[in-house]
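There are 2 protein chains.
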Amino acid sequence: MNIILASTSTLFGGNYFEYLQHEIAELFTGIDEIIFIPFARPGGISHEDYTNTARTFFAKLNIKVKGLHEFEDKIGAINSAQGFFTGGGNTFLLVKTLHEENLMTLLKENVEKGKPYLGSSAGSNIGGLNMKTTNDMPIVYPSSFDTMGLVPFNINPHYLDANPDLKHNGETRETRIKEFLTQNDTKVIGLREGNWIRKVGSKITVEGNQLTRIFEKNKEPYEIEAGNEL
Amino acid sequence: MNIILASTSTLFGGNYFEYLQHEIAELFTGIDEIIFIPFARPGGISHEDYTNTARTFFAKLNIKVKGLHEFEDKIGAINSAQGFFTGGGNTFLLVKTLHEENLMTLLKENVEKGKPYLGSSAGSNIGGLNMKTTNDMPIVYPSSFDTMGLVPFNINPHYLDANPDLKHNGETRETRIKEFLTQNDTKVIGLREGNWIRKVGSKITVEGNQLTRIFEKNKEPYEIEAGNEL
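Protein chains in written order, with my numbering: chain R, 18 to 247; chain Y, 18 to 247.
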């Protein structure tokens with residue numbers, strides 16, 4: 018496998034994928050066209066507008082982008098594609114659409130054959146075992162929470178440390194992930210913005226300029242440094 | 018109907034339901050025992066421990082509390098109850114459990130007969146039409162997102178304004194609710210901590226010391242003051 022699962026597309030104050038441009042170019046070496054999966058539709062943006070955002074970025078790498086929504090035969094499109102990028106937005110909407118169109122398993126099989134895959138945020142969530150550690154609001158009801166399982170754990174993108182100044186009693190991210198672990202025995206990678214997971218062959222590492230927080234059942238959460246295997 | 022749907026049980030720096038004690042006493046006037054529904058299990062706390070938290074508070078009002086988990090015949094228990102309180106925690110876990118045990122519709126029918134109902138956080142979410150505007154993490158997969166519909170809209174408890182100082186690209190609460198409205202034509206009440214919804218008969222008002230933010234499809238969000246009808 019050859020994949021990048023990024024916490025976010027855009028760092029605070031930065032431009033779209035500016036911080037990850039070098040690694041994305043390397044991921045898609047030798048490839049001149051990819052399929053963009055726009056179904057997460059951040060803020061309800063149209064599939065076309067969202068694809069154009071990806072298109073503008075990938076033009077810098079001389080890679081053409083086709084939106085998966087453009088194809089009548091989506092199954093054929095995925096089977097013929099050279100590589101994939103799934104953008105962020107709402108994970109429930111993304112997962113519902115992929116299951117409805119019977120594309121989740123197909124996409125997994127294509128990535129497992131070695132076609133490069135880039136995910137960010139919701140697009141990274143679907144690289145995990147299931148979407149039960151998304152931060153998103155359940156605005157639609159998917160037929161299943163299962164995702165591709167390209168990596169043998171779950172991802173929490175945009176991982177955010179508790180803010181001790183906040184006078185608010187909503188749950189912290191850590192509380193939510195610990196609640197998940199009371200119901201599931203699945204490792205969760207708290208991926209801070211600026212970090213990403215890289216899988217080459219069967220080797221999985223965490224990369225970026227932040228520490229990464231790991232949550233496992235019946236263990237205290239712990240932090241690992243970039244470059245370490247997951 | 019005679020219900021209170023509160024944003025939270027506990028204000029920052031306050032004690033459990035301290036801010037709402039007077040209104041809760043009024044809601045349960047003439048009642049000496051209620052059933053507590055502990056299924057949301059905040060932080061994975063046991064049903065028994067969670068029920069004890071409620072029990073300690075209601076002892077001040079001379080109201081006995083039985084946990085719904087204590088009954089083998091839960092349907093009989095709900096049908097014989099004088100009133101109900103559903104505590105907060107994880108909405109997915111609460112809704113999954115209520116549907117699995119065929120209690121969602123039964124609870125709704127009992128509340129519609131006039132038995133007083135108190136909800137806080139997840140317990141308020143289930144008073145809305147569905148749970149699609151919860152803030153919680155989808156740690157388990159419920160058989161449906163539909164809830165009781167005691168009020169003809171959805172609730173977003175712990176409503177939180179965007180923090181302009183936060184250097185983070187996760188979605189704001191407002192962005193999430195607007196995403197919900199791209200997929201659903203359902204009014205959403207953004208209930209800030211310290212506020213609650215009161216329904217007496219068919220009259221529904223918002224109460225508390227904060228403004229309440231209302232979201233409707235194809236409209237700019239707007240704020241209403243306490244005492245106004247919803």
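We put the beta carbon where it would ideally sit given N, CA and C, even for glycine.
All of these numbers come straight from a predicted model, not from anything done at the bench.
Check proline 159 (chain Y) in the structure and name its three-state DSSP category. Taking the first residue of the second sequence as position 1, residue 159 (chain Y) is located at position 142. Three-state DSSP puts proline 159 (chain Y) in coil, outside helix and strand.
Cα separation between isoleucine 92 (chain Y) and lysine 149 (chain R)? As a first step, residue 92 (chain Y) is located in the second sequence; it is residue number 75 there, counting from the start. As a first step, residue 149 (chain R) is located in the first sequence; it is residue number 132 there, counting from the start. For isoleucine 92 (chain Y) and lysine 149 (chain R), the distance between alpha carbons rounds to 30 Å.
Are the C-beta of phenylalanine 109 (chain Y) and some C-beta of chain R separated by less than 9 Å? Numbered from 1 along the second sequence, position 92 holds the residue referred to as residue 109 (chain Y). Cβ-Cβ to chain R under 9 Å: yes for phenylalanine 109 (chain Y).
Of the listed residues R:Asn226, R:Gly47, R:Asn201, nearest to glycine 244 (chain R) (C-alpha basis): For the purposes of this step, residue 244 (chain R) is taken as the residue at position 227 of the first sequence. When each option's Cα is compared against that of glycine 244 (chain R), the closest is R:Asn226.
Could you work out which residues of chain Y lie near alanine 200 (chain R), taking near to mean beta carbons separated by less than 8 Å? Sequence index remark: in the first sequence, residue 200 (chain R) carries index 183 (1-based). Residue 200 (chain R) is actually glutamine in this sequence, not alanine. Residues of chain Y passing the Cβ test: Gly61, Leu110, Ile156, Val157.
Where threonine 192 (chain Y) meets chain R, residues with beta-carbon distance less than 7 Å: Counting from one through the second sequence, the residue named residue 192 (chain Y) turns up at place 175. Chain R residues near threonine 192 (chain Y): Gly60.
With three or more beta-carbon pairs closer than 8 Å as the criterion, would you say the stretch 77-84 of chain Y touches the stretch 149-167 of chain Y? no
Please list, in chain order, the chain R residues whose beta carbon lies closer than 9 Å to that of glutamate 196 (chain Y). The count along the second sequence starts at 1 and reaches residue 196 (chain Y) at position 179. Near glutamate 196 (chain Y) (Cβ distances below 9 Å), the residues of chain R are Arg58, Pro59, Gly60, Gly61, Gly106, Asn107, Leu110, Asp153, Met154, Ile156.
Contact criterion: CB-CB distance below 9 Å. Does phenylalanine 162 (chain R) meet it with respect to chain Y? Counting from 1 along the first sequence, the entry for residue 162 (chain R) is found at position 145. True, the Cβ-Cβ gap to chain Y drops below 9 Å.
Are the stretch 158-177 of chain R and the stretch 26-36 of chain Y touching by the rule of at least three beta carbon pairs closer than 8 Å? no
Could you check whether the Cβ of lysine 149 (chain Y) sits closer than 9 Å to any Cβ belonging to chain R? Position 132 of the second sequence, counting from 1, holds the residue named residue 149 (chain Y). Answer yes: the Cβ-Cβ gap between lysine 149 (chain Y) and chain R drops below 9 Å somewhere.
If you follow the alpha helix (DSSP H) that lysine 125 (chain R) is part of, which residue opens it and which one closes it? For the purposes of this step, residue 125 (chain R) is taken as the residue at position 108 of the first sequence. 121-129 is the span of the alpha helix (DSSP H), which, as asked, contains lysine 125 (chain R).
Within the chosen definition, does the stretch 168-182 of chain Y reach the stretch 205-217 of chain Y through at least 3 CB pairs nearer than 8 Å? yes
Between histidine 86 (chain R) and the rest of its own chain, which residues show a CB-CB distance below 8 Å, the 5 nearest in sequence each way excluded? Residue numbering aside, residue 86 (chain R) sits at position 69 when the first sequence is read from its first letter. Within the same chain, histidine 86 (chain R) has close Cβ partners Pro55, Phe56, His64, Glu65, Thr68.
Lysine 113 (chain Y): which of Y:Met18, Y:Asn235, Y:Phe162, Y:Tyr239 sits nearest, CA to CA? Locating residue 113 (chain Y) in the second sequence gives position 96, counting from the first residue. Comparing Cα positions, the closest option is Y:Phe162.
Status (buried if at least 16 other CB within 10 Å, exposed otherwise) for threonine 103 (chain R): Against the first sequence, residue 103 (chain R) aligns to sequence position 86. When all chains shown are included, threonine 103 (chain R) counts as buried.
Same chain, Cβ closer than 7 Å to glutamate 233 (chain Y), neighbours up to 5 away in sequence not counted: One-based indexing of the second sequence puts residue 233 (chain Y) at position 216. For glutamate 233 (chain Y), where only same-chain residues beyond five positions count, the Cβ hits under 7 Å are Lys204.
Can you tell which of Y:Asn142, Y:Leu111, Y:Ile95 has its C-alpha closest to the C-alpha of proline 133 (chain Y)? Position 116 of the second sequence, counting from 1, holds the residue named residue 133 (chain Y). Of the listed residues, the one whose Cα sits closest to proline 133 (chain Y) is Y:Ile95.
State the start and end residues of the unbroken beta strand (DSSP E) segment that holds arginine 215 (chain Y). As a position in the second sequence, residue 215 (chain Y) is number 198, starting the count at 1. Per DSSP, arginine 215 (chain Y) belongs to the beta strand (DSSP E) from 212-217.
What does the Cβ neighbour count give for aspartate 153 (chain Y), buried or exposed, with the cut at 16 atoms within 10 Å? Stepping through the second sequence from its first residue, residue 153 (chain Y) is reached at position 136. Result: buried.
With a CB to CB cut of under 7 Å and the five nearest residues on each side skipped, what residues in its chain are close to serine 137 (chain Y)? Sequence index remark: in the second sequence, residue 137 (chain Y) carries index 120 (1-based). The answer, listed in chain order, is Ala23, Thr25, Ser26, Gly104, Gly105.
Please identify the residue among R:Glu126, R:Phe101, R:Glu191 whose C-alpha is closest to the C-alpha of tyrosine 239 (chain R). One-based indexing of the first sequence puts residue 239 (chain R) at position 222. For tyrosine 239 (chain R), the nearest C-alpha among the options comes from R:Glu191.
Label glycine 140 (chain Y) either buried or exposed according to how many other C-beta atoms from any shown protein chain fall within 10 Å of its C-beta, with 16 as the threshold for buried. For the purposes of this step, residue 140 (chain Y) is taken as residue 123 along the second sequence, with counting starting at 1. With 16 or more other Cβ atoms within 10 Å, it is buried.
Going along the chain, which unbroken runs of the alpha helix (DSSP H) with 4 or more residues stay wholly within the stretch 29-107 of chain R? 38-44, 64-76, 91-97
For threonine 151 (chain R), which residues of its own chain have a beta-carbon under 6 Å away from its beta-carbon, when the five flanking residues on both sides are left out? Working through the first sequence from its first residue, we reach residue 151 (chain R) at position 134. Contacts found: Thr108, Asn142.
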